[in-house]
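Worksheet for the structure shown next.
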Amino acid sequence: MAGEGLRFAVLGPVRAWRDGDELDLGTPLQRSILAMLLLREGRAITPGEMIDAVWGEEAPPRALGALRTYVSRLRTVLEPDRSPRSRPELLTSVGKGYALRTGSLDLTLFERGMQEAEALRRAGRTDEAAESVRAALALWEGEPLAGAVGPYAEHQRDRLAERHITAIEELMDLDLALGRHAAVVSELIALTADHPLRERLRAQLMLAYYRCGRQGDALAVFTDTRDALVEELGIEPGPELTALHHKILAADPSLMTPPSPSPASTADGPAGADVVEGADEHELPRPAQLPAAVSDFTGRRPIVARLRTLLSAQTAEGVPVAAICGIGGVGKTALAVHVAHACDDLFPDGQLYADLRGFTDEATAPESTLGAFLRALGIPPDVIPEGLQERAALYRSLLADRRILVLLDNAHDTRQVSQLLPGSPGCAAIVTSRVKLADLPSAKLIDLDVMEPDEALSLFTAVAGPERVAAERGAAMDVVAACGFLPLAVRIVAARLAARPSWTVASLVPRLADEQRRLDELRVGDLAVEATFALGYGQLDPAQARAFRLLSLPNGPDISVGAAAAVLSAPTLETEDLLESLVDASLLEAPAPGRYRFHDLLKLFARRVLDKTERPQARTLALRRLLGFYLASAQAAHRLAYEGSMIADNLVVVGSGRAFASADDAVAWLVSEGDCLFAVIGQAAESCRTGEQLLPAADLLVAMEPLLESGTHAREFDLATRAVLATARTIGDPAGELRSRYVLGRVLFGANRLAEAEEQFRLVLDLSTAGDERVVMGEVLNALAVVSGRRRRHHEALGWFASATAFYRENGVAAGEALVLSYSARDHLGLGNPEDAIAAAEQGLAIFTEIGSGAGTARARYHLGIVLSRVGRLNEAVHHHAECLAFFRASRQRVWEQRVCVRLAETFIAAQRFSDAVRHAEQALAVSREIGHPYGEGLSLTVLGRALHGLGGTARSVDCLRQAFDIFTRLGAPEAGDLKALLDGVDSVAVVEP
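The numbering used here puts the first residue of the sequence shown at 4, with every later residue one more than the last.
Okay, here's the thing in structure tokens:
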């Protein structure tokens with residue numbers, strides 16, 4: 004479990020530990036939020052409550068955003084190993100609020116110790132009671148909630164301080180009862196000095212003094228107390244203190260002998276005697292209303308165990324209530340009924356059950372449910388009261404002193420169930436609902452997700468038959484995956500298979516693969532997934548229903564609030580409220596803060612409703628708005644990642660997008676949104692019929708260029724670019740063709756398919772010239788130069804560089820000119836002109852430094868480092884490469900990270916620092932394999948082989964070089980010839996990437 008090993012403290016500074024190591028909880032505001040969540044003991048808190056609690060009336064305008072940031076940071080601290088895309092297990096989103104599943108909390112341990120002490124005291128075990136209180140008080144470490152701020156913390160700090168001093172008073176009473184009056188005098192003197200107006204402490208000090216034979220001191224305490232009360236509060240001492248004063252004056256003998264504690268049964272009489280004497284002579288019936296248990300119930304073991312633990316946790320403080328919520332068809336009722344039957348031993352007085360029909364047009368009124376429950380409990384119909392409150396009062400009276408489990412199925416909201424919950428300890432309740440009942444008092448929310456794949460397969464096997472599934476296990480897994488692991492869908496297809504002996508499991512796969520017909524396949528008898536979803540959809544108001552429909556349009560795996568706002572053409576805050584309301588209704592999921600997604604089958608249902616409801620023009624406009632948002636955001640990211648580039652300024656952007664604080668944030672956004680960006684590009688390529696419609700998708704591809712440098716989405720770029728290119732050629736759109744061919748050239752270049760890349764770049768140049776398009780003119784001239792240099796046509800490369808320089812100078816693009824200078828240094832070097840190479844590289848670095856381009860400066864350092872390494876200025880080379888490596892790693896540009904590691908390894912080989920060379924070569928090899936970069940893998944293996952050879956590792960060295968040779972040969976790279984010479988024994992040849 005995620006919470007194992009976690010320990011929290013609020014009885015002093017707000018602190019937390021994991022396995023004994025203290026966690027950094029951040030700022031006072033962040034600690035305050037954690038403290039509030041801890042003190043709510045797992046109950047949900049809305050953002051509004053949290054903002055009021057932490058900031059009060061001085062909340063800043065962006066308090067909600069700050070709150071979400073603090074919650075996100077706390078989730079990272081509490082679950083450092085959790086994937087960003089997985090659901091938090093500890094600090095969870097509940098409805099519109101948050102709840103914390105606490106680990107060990109010192110306040111809980113303190114209260115538990117005090118409860119144990121009270122039980123021991125009532126049992127006459129006073130000595131053990133005193134030790135229990137003493138141990139509980141040892142948990143305190145100073146002022147409670149120290150470090151937390153805000154109105155809520157101040158209020159709770161006062162409450163806890165009062166609880167602390169009350170516990171101390173209880174300990175003093177126990178010590179006095181044990182005859183320890185001499186031992187407690189000094190402590191009571193200090194306590195009364197700190198709390199001069201607490202009459203109970205004053206009385207304890209008076210009694211201790213008197214038992215020590217110090218009657219005068221005891222009377223003086225009373226006089227001091229009276230004076231303080233009159234002066235400070237204008238009141239006289241209370242009756243208890245006054246009575247003690249009179250007894251001391253009279254030397255009452257009873258004061259000298261501590262009372263002998265007796266068990267509760269002696270003092271109060273036999274437990275339950277009053278009930279027996281006043282009980283009705285007729286015994287109430289034992290209701291057993293649960294539906295039949297599901298014979299093939301499968302999986303859910305951790306949740307079943309958790310629910311049983313919750314329902315069995317009977318305390319004097321309240322009734323355990325489990326509120327199970329989730330998407331329609333996820334198995335809420337089956338789970339609740341299964342758990343209720345499994346807990347039969349915990350509730351010997353019976354079970355009550357009601358289907359509240361909360362998501363139909365005939366929802367059951369609470370009065371009707373109470374009437375049915377009262378009849379089941381033996382009340383004649385003619386004496387059942389009419390009003391809701393009267394029925395609820397009688398119902399709770401009948402449940403008092405009994406152990407009954409109440410199962411309330413299919414609740415619409417809290418109002419429908421609040422009067423149906425038991426009121427006395429000993430009973431418990433389970434509530435199921437499609438909505439998150441965050442406002443249900445004392446309820447523990449259980450957000451039921453779809454089954455795990457193995458659980459879904461087990462359910463499919465149980466219904467369809469083990470023999471048929473065992474023979475086609477792979478196909479069976481495909482079937483349950485097509486069902487989205489939704490229990491209802493799995494049960495339906497399994498039942499259909501069981502009813503058709505001639506079908507095979509594999510025959511179901513193509514039936515479910517057709518998304519247009521999948522929902523039609525998921526029906527059998529009275530069961531249908533679509534009908535189940537329709538019940539939830541029917542409860543939405545018009546704004547929610549429209550959002551539910553339109554948000555199913557994008558093909559991406561999830562969607563951010565900003566992107567959803569674009570789809571809906573609505574303000575961001577309004578959109579977030581809509582999205583959260585759909586999460587509360589279990590029609591959307593929130594896998595991470597600020598991100599939302601559909602269950603696969605719900606998305607198909609939403610699209611089906613969309614097709615029936617929204618006009619085609621409305622759907623088209625929604626996708627265009629989304630594409631516009633992504634393009635505007637990507638343009639901002641490109642502008643920050645490539646400072647000084649003119650590409651961003653030449654993109655045709657309609658609408659607004661995200662803003663970014665830094666280039667690192669911009670690239671991180673591109674990486675996180677990559678799948679969504681490619682999905683919308685693919686949709687545009689499929690649906691666009693004119694160049695005007697296609698241009699934003701083509702521009703988005705170009706704007707995503709920094710993502711291409713990350714090396715994480717090469718295949719996606721290839722597929723999306725070819726799709727846009729095919730559409731552009733079909734509809735005769737030269738602008739879209741130009742942009743998509745440019746990006747395709749970049750993709751091919753990254754794969755070292757140099758001849759194909761050069762072909763694309765030449766076509767881009769022709770299209771740019773013919774259409775007077777300037778959007779990538781400088782970049783394509785530079786790209787042609789780099790390709791020529793890589794193919795070792797250095798004179799031609801310098802010619803292309805000269806053309807690029809002329810273009811950039813004509814347009815006043817200093818960054819472009821600096822880029823040309825930096826890249827051209829390697830061709831000067833290739834022609835045997837190291838002085839020209841150094842001059843070009845240094846001039847490029849100077850320009851980038853002057854204009855403040857972080858990305859440009861890093862690339863310039865990369866090229867300058869190569870040149871300096873070749874001319875023997877090794878320390879300077881290492882310096883420049885180390886600087887740019889830090890930049891590329893911070894900005895997640897994995898391709899460049901791999902390149903720099905190769906260069907560092909080469910330089911360390913030249914310096915005969917072979918261990919350092921091996922370390923960097925291994926890093927380069929790991930990155931190239933991680934991002935799927937064969938050419939980079941070949942370079943990494945080459946320098947690794949050479950470094951190992953320097954260390955004397957001949958066998959592995961030769962193996963690395965042979966692997967590199969095979970890769971370069973397969974790619975048709977000229978480095979294969981160099982490696983052949985190296986493998987033949989010419990180990991002085993330096994294999995480099997021009």
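C-beta: ideal position from N, C-alpha, C; glycine also.
The Cβ atoms of R46 and S445 sit closer than 9 Å to each other. In the displayed model, K447 falls within a strand according to three-state DSSP. Under the DSSP assignment, E592 falls in the beta strand (DSSP E) whose first and last residues are E592 to A595. Secondary structure note for I970: its alpha helix (DSSP H) is the uninterrupted segment T957 to L974. Buried is the label assigned to T860, since at least 16 other Cβ atoms lie within 10 Å of its Cβ.
Using a Cβ distance threshold of 9 Å, A929 and I869 do not count as a contacting pair. Of the other Cβ atoms in all chains shown, fewer than 16 fall within 10 Å of the Cβ of S315; this residue is therefore exposed. With fewer than 16 other beta carbons inside 10 angstroms of its own, I238 counts as exposed. Residue range P837 to I854 is occupied by the alpha helix (DSSP H) that includes F851.
Here Q901 is buried, its C-beta having at least 16 other C-beta atoms within 10 Å. When C-alpha distances from A501 are compared across A484, V512, R471 and P490, the shortest belongs to R471. Counting along the chain, T772 sits inside the alpha helix (DSSP H) bounded by residues L757 to G774. DSSP places F300 in the coil class of the three-state scheme, outside both helix and strand.
For R503, the three-state secondary structure derived from DSSP is coil. Here N878 is exposed, its C-beta having fewer than 16 other C-beta atoms within 10 Å. For A773, same chain residues with a beta-carbon under 8 Å away, outside a window of 5 residues either side, are P737 in chain order. Shortest Cα-Cα distance from V655 to any of R622, A682, P619 and Q696 involves Q696. Annotation: V512 to D452 spans about 24 Å, alpha carbon to alpha carbon.
Between I330 and the set P199, L834, P490 and P388, the nearest pair of CA atoms involves P490.
Of the candidates S96, L40, T49 and L32, L32 places its Cα closest to the Cα of A69.
Using a 10 angstroms sphere on the CB of L613, the tally of other CB atoms reaches 16 or more, which defines it as buried. If you look at S436, you'll find it in the beta strand (DSSP E) that goes A431 to S436.
Per the DSSP secondary-structure output, W20 pairs in a beta bridge with R10 and E25. Fewer than three Cβ pairs drawn from the region 103-114 and the region 50-63 lie within less than 8 Å of each other, which leaves the two stretches out of contact. Distance check between A548 and each of A569, G565, S584 and D523 places S584 closest, using alpha-carbon atoms only. E909 and V881 do not touch by the CB rule: their CB atoms are close to 11 Å apart, not below 8 Å. A885 has its alpha-carbon roughly 18 Å from the corresponding atom of Q915. Secondary structure at Q896: coil, using DSSP grouped into helix, strand and coil. In terms of CA proximity to P147, L108 leads the group L108, R183 and R494. In terms of Cβ geometry, A669 and P709 form a close pair [threshold 9 Å]. Boundaries cannot be given for G145, as no alpha helix (DSSP H) includes it and DSSP labels it neither H nor E. For E389, the number of other beta carbons within 10 angstroms of its own is below 16, and it is reported as exposed. If you draw a straight line from the Cα of A497 to the Cα of P154, it is about 56 Å long.
Here DSSP, grouped into helix, strand and coil, assigns D358 to strand. A residue is called buried when at least 16 other Cβ atoms come within 10 angstroms of its Cβ; D987 does not meet this threshold and is exposed.
Closest option to E44, judged by alpha-carbon separation, among G106, R378 and V224: G106.
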